[in-house]
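The numbering used here puts the sequence shown at residues 0 to 498.
Worksheet: one structure, shown below.
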Amino acid sequence: MNISLLLQMAAEAEPDRIALVCDGRRWSYGSLLQAAVGAARSMRASGATHIALLDESSEAAAIALFGAAIAGIPYVPLNYRLADTDLAALLGRIAPAFVIGDVERIWRLSPEVGHDAWTRGDFVAEAEAKAHGPDLDESEEPIAVQLFTSGTTAAPKAAVLRHGNLLSYILGTVEFASAPEEQAALVSVPPYHIAGIAALLSSIYAMRRLLLLPHFEPDAWLALVEVERATNAFVVPTMLSRIVAAIDAGNTAEISSLKSVAYGGGRMPLELIHRALDLFPETGFTNAYGLTETSSTVALLGPDEHRAAHGSDDADTRARLGSVGRPLPTVELEIRDDDGRPLAAGERGEIYVRGDQVSGEYKERSALDADGWFPTRDAGWIDAEGYLFLAGRADDVIVRGGENISPSEIEDVLLTHAAVADAAAVAVISPEWGEAVGIAVACRPGHDQPGEDELATLIRDRLRSSRMPERVVFVESLPYNEMGKLLRREVRKLFHDQA
């Protein structure tokens, strides 16, 4: 099976129904499939080994994804925000590629590797022009998508997602044609992230109208919700923070149509999700936890659980708003210690997952163990009711004198201070303990900067003395990537610069 089947089924069911809206242009399921077929003809003729996208979200991303699947060539969306040196290295690794997007940059960075480069407009026009022609032989290429990891400590790895992985996720979580015609999903995450690909595939299969916002900006997002009567959306925490700030600042867009908002991609501050639940009383919120290597979501905290936790006086129930919910029925999940042994409820360790949607595969190697389990490198624990709590990346754990300390527990306490807008805890070098706690704090406008002793006392009183910071820095803002993930490596540099 091939992921292009999802679009083919939708086009056969209702070819004239609107599938996608971007920059004012509306595409039916039939016209989107025809363009994908036309694109596949050009892709096959190019002789390329990869189909790459170096562009923002648009109809070109959808046409390229399905066109590549029909052509039987792996689809590789690239991070257009990368520095030239990093992007040139990735372009070299996929040569010769059929590349859509920033032609000038492509030729400047890779002039001699044989890329076939197209602007977005030329690619879409050519795809439409070639929509009708000779039939294409069915492809047996097993790889659907290749995504480069962020490469925080080494060269980015090429994560491989096969058609079977992606189809397992979609067919296991979405019912075909289940969305009524008025449903519309607003997608504003970049196309090179697994969340963007999963949102596209799931909306097409459900036949939910896709609203693509190429560049996120909170007022534009709210305006699109109002104009298109969006019913569903996916955001990352930093996006939700800016949306909430825009509403609090006076944006009066009509957003009553919005019935479901999913979020993920980074840690959600508890104060922010509580505020969002107040501002969107009729909207169901879902926390989706997943990774590139797992074809997106493996655990969910659903709308009813959000509302129950938000309105509860019970400490355990309220604490679940800080979880990512329970594993999907199609996924197995375990917490293991450093020796790979499963841990009991409440014990912290590394999260392992297994299931048909889990690829755990890189172009260079497979990371699955002999029994098909994938080590996520995320740390966490599962409570007695089966709710999964994250404790950051396994490599982010602070080891102070042999005691493991989760940065998130310290950050949660700091965020209860009225003057603290954002906070991050990282390991800093300590002559006495090997590692100790360092905290970086961003203050709220209009508040006095709290004293270091005041913050240390707050942490000691809520947790214990081993969590007290040995070093403190104050910053205007903390570094995040475009998906809302805190860049702890950049936070650590703040302490090196201070030393």
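Where is the CB? At the ideal position from N, CA and C, for every residue including glycine.
Keep in mind that this is a model prediction, so the values were computed, not measured.
Around the beta carbon of W117, 16 or more other beta carbons sit within 10 angstroms, so the residue counts as buried. From the listed residues P328, I381, L332, S311, the smallest Cα separation to A343 is found for I381. Of all C-beta pairs linking the stretch 46–65 to the stretch 186–193, three or more are shorter than 8 Å, placing the two stretches in contact. Inter-residue distance for I196 and L457 is about 42 Å (C-alpha atoms, whole angstroms).
Here the alpha carbons of L477 and P217 stand approximately 19 Å from one another. Counting along the chain, N164 sits inside the alpha helix (DSSP H) bounded by residues 162–172.
Within the same chain, Cβ atoms closer than 7 Å to the Cβ of R461 are found at V412, the five residues on either side in sequence being excluded.
In this structure, the alpha-carbon of G71 lies about 28 Å from that of V352.
Minimum Cα-Cα distance from Y204 among the listed residues E13, A229, F175 corresponds to F175.
R376 sits away from R399, with the two beta carbons spaced by 8 Å or more. Residue environment: G113 is assigned as exposed (fewer than 16 neighbouring CB atoms within 10 Å of its CB, all protein chains considered).
DSSP, read as helix, strand or coil, puts D22 in coil. Linking R80 to D313 through their CA atoms gives a straight-line distance of about 44 Å.
Apart from the 5 residues on each side of it in sequence, R161 sits with its Cβ closer than 7 Å to the Cβ of P141, I142, A143, S358 in its chain, given in chain order. In this structure, A298 sits near P326, with a CB-CB distance shorter than 8 Å. At the C-beta level, Y361 and V159 come within 8 Å of one another. Below 8 Å, enough C-beta pairs join the stretch 120–133 and the stretch 27–39 to call them touching: three or more.
For the set A275, L389, L332, D368, the Cα lying nearest the Cα of A318 is the one of L389. Taken in chain order, the complete beta strand (DSSP E) segments of 3 residues or longer contained in the stretch 222–272 are 231–234, 259–262. Here the alpha carbon of S407 sits roughly 35 Å from the alpha carbon of A60.
Taking a C-beta distance under 8 Å as the contact criterion, R274 and V243 qualify as a contact pair. Put simply, of E363, S365, G437 the residue whose alpha carbon is nearest the alpha carbon of V396 is G437.
Rounded to the nearest whole angstrom, the CA to CA distance from G263 to N286 is 6 Å. In the structure shown, Y351 adopts extended strand secondary structure according to DSSP, grouped into three states. One Cα belongs to L332, the other to I193, and the distance between them is close to 20 Å. Sequence-distant Cβ neighbours of P76 in its own chain, meaning closer than 6 Å and more than five residues away, are L52, P190, Y191. If you draw a 10 Å sphere on the C-beta of S240, you find 16 or more other C-beta atoms in it, and that means buried.
Linking G483 to P236 through their CA atoms gives a straight-line distance of about 6 Å.
In the DSSP assignment, H309 falls within the alpha helix (DSSP H) that extends over 302–309.
Put simply, the stretch 485–495 does not touch the stretch 441–457. Fewer than three CB pairs are less than 8 Å apart.
Excluding its 5 nearest sequence neighbours in each direction, A47 has C-beta neighbours in its own chain below 7 Å: I72, P95, A96, F97, D115, listed in chain order.
In this structure, DSSP gives G66 a helical state, which the three-state scheme calls helix. When G283, A383, R335, S138 are compared, the shortest CA-CA separation from D315 is found for A383. Under DSSP, Q145 takes part in a beta bridge, and its partners are V159. Contact annotation, T291 with L146: C-beta distance approximately 5 Å; criterion of less than 8 Å satisfied. If you draw a 10 Å sphere on the C-beta of H49, you find 16 or more other C-beta atoms in it, and that means buried.
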